[in-house]
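Enquirer:
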Amino acid sequence: MPKSLSHCFLFAALSASLLLITACTTPRTKPATVTDRTSSVVEQTPPGYYRVKKGDTLARIALDNGQAPRDVAQWNSAANPSFNPNVIEVGDLILVKPPAGSKVAKAPEKKSTPTTDKTDALTSTPEPTKAEVVAEPGIRLSWPAKGKVSAEFSESNKGIDIAGKVGEPVLAASDGKVVYAGNSLRGYGNLIIVKHDNTYLTAYAHNSKLLVKEGDSVRKGQKIAEMGDTDTTAPKLHFELRVNGKPVNPTPYLQ
724 MPKSLSHCFL FAALSASLLL ITACTTPRTK PATVTDRTSS VVEQTPPGYY
774 RVKKGDTLAR IALDNGQAPR DVAQWNSAAN PSFNPNVIEV GDLILVKPPA
824 GSKVAKAPEK KSTPTTDKTD ALTSTPEPTK AEVVAEPGIR LSWPAKGKVS
874 AEFSESNKGI DIAGKVGEPV LAASDGKVVY AGNSLRGYGN LIIVKHDNTY
924 LTAYAHNSKL LVKEGDSVRK GQKIAEMGDT DTTAPKLHFE LRVNGKPVNP
974 TPYLQ
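In structure tokens, the structure reads:
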């Protein structure tokens with residue numbers, strides 16, 4: 724083969740190799756399409772319902788929504804005949820607002836004081852009204868136990884702790900109706916929940932003995948339990964005030 728022809732052939736082979744390498748190393752101008760299969764659509768919780776989370780019980784769901792556990796169970800059983808209040812699963816929808824026409828556990832009605840005769844009202848001199856210092860209108864509570872407050876209200880505590888001895892009396896902080904008496908709420912031990920009206924609930928936890936049952940009407944200052952240390956490390960009363968299911972500091976309400 725002539726020398727010049729050999730050089731031409733070699734040059735052509737090298738040029739072809741360089742073009743092939745350049746084509747392989749040139750970056751893509753458009754990335755490949757990647758499908759994200761890990762994302763999931765979060766289901767919306769309809770108004771008036773609660774979606775069950777891990778560790779929930781029906782009693783806790785009712786307390787956190789300001790309702791009586793029995794009412795919540797009845798509403799859901801009426802809507803779904805196969806509903807079992809003792810078996811709820813993560814993701815289940817629980818009705819926590821009364822449907823139209825349903826009955827709600829009511830606190831006992833307070834007796835109205837007799838009205839003053841009109842003639843007496845006209846002749847008598849009215850006494851100046853005294854302003855009462857209350858955090859919010861609607862309820863005034865008496866202390867549910869004697870003892871030192873060992874833990875104040877906080878976001879994690881949700882109430883106050885009153886230290887004492889096993890067997891000391893636990894008193895109803897106001898008139899109302901017992902809507903729960905049991906020990907199915909983890910962290911509360913033997914617990915009593917009293918409904919005072921459609922806004923206010925009080926909770927009394929860690930009792931050694933319960934003296935009232937669900938459905939009982941109680942009066943302010945009535946002994947409803949004996950202090951204990953169930954589900955806690957020392958004898959105390961854990962006392963909560965719930966306003967529309969939300970825990971609030973009960974101290975400003977106590978007199």
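Take the sequence shown: its letter number 140 is residue 863 in this note's numbering, and every next letter is one higher.
All C-beta atoms in this analysis are idealised placements derived from N, C-alpha and C, irrespective of residue type, glycine included.
Going along the chain, which residues of its own chain have a beta-carbon closer than 8 Å to the beta-carbon of L960, five neighbours each way excluded?
Expert: Taking the sequence shown and counting its residues from 1, one reaches residue 960 at position 237. Closer than 8 Å at Cβ, skipping near neighbours: P867, A868, G870, D884, I885, G887, V893, Y927, A928, H929, N930, M950.
Enquirer: Would DSSP call L786 helix, strand or coil?
Expert: Residue mapping note: residue 786 aligns to position 63 of the sequence shown, counting from 1. Correct three-state label for L786: helix.
Enquirer: I need the boundaries of the alpha helix (DSSP H) containing N799, first residue and last residue.
Expert: Within the sequence shown, the letter at position 76 stands for residue 799. Element bounds for N799: 792-802.
Enquirer: Would you call V813 buried or exposed, if buried means 16 or more other Cβ atoms sit within 10 Å of its Cβ?
Expert: The residue labelled residue 813 in the question sits at position 90 within the sequence shown. Per the 10 Å Cβ criterion, exposed.
Enquirer: Could you check if P958 is buried or exposed, using at least 16 other CB atoms within 10 Å of its CB as the buried criterion?
Expert: In the sequence shown, counting from the first residue as 1, residue 958 sits at position 235. Buried is the call here.
Enquirer: Grab the span of the beta strand (DSSP E) containing H961 for me, first residue to last.
Expert: Looking up residue 961 in the sequence shown gives position 238. Counting along the chain, the beta strand (DSSP E) containing H961 begins and ends at 959-966.
Enquirer: Leaving out five residues on either side along the sequence, give the residues of the same chain with a beta carbon under 6 Å from the beta carbon of K896.
Expert: Indexing the sequence shown from 1 puts residue 896 at position 173. It should be noted that the sequence gives Ala, not Lys, for residue 896. Correct list, in chain order: L864, S865, P867, T925.
Enquirer: Smallest Cα separation from G771: which of N906, R942, W798?
Expert: In the sequence shown, the residue the question calls residue 771 occupies position 48. Closest by alpha carbon: W798.
Enquirer: State the start and end residues of the unbroken beta strand (DSSP E) segment that holds D779.
Expert: For the purposes of this step, residue 779 is identified with residue 56 of the sequence shown, where counting begins at 1. From DSSP, D779 is part of no beta strand (DSSP E); its letter is neither H nor E.
Enquirer: Please look up how many angstroms separate the CB atoms of G968 and N788, rounded, as I've assumed it's under 8 Å.
Expert: Counted from its first residue, the sequence shown places residue 968 at position 245. Counted from its first residue, the sequence shown places residue 788 at position 65. About 4 Å; that satisfies the 8 Å criterion.
Enquirer: What does DSSP give as the partner residues of L934 in its beta bridges?
Expert: Counted from its first residue, the sequence shown places residue 934 at position 211. Per DSSP, none; premise fails for L934.
Enquirer: Determine the direct distance from the alpha carbon of K881 to that of S940, and round the result to whole angstroms.
Expert: Your numbering for residue 940 matches position 217 in the sequence shown. Your numbering for residue 881 matches position 158 in the sequence shown. Answer to the nearest angstrom: the Cα atoms are 25 Å apart.
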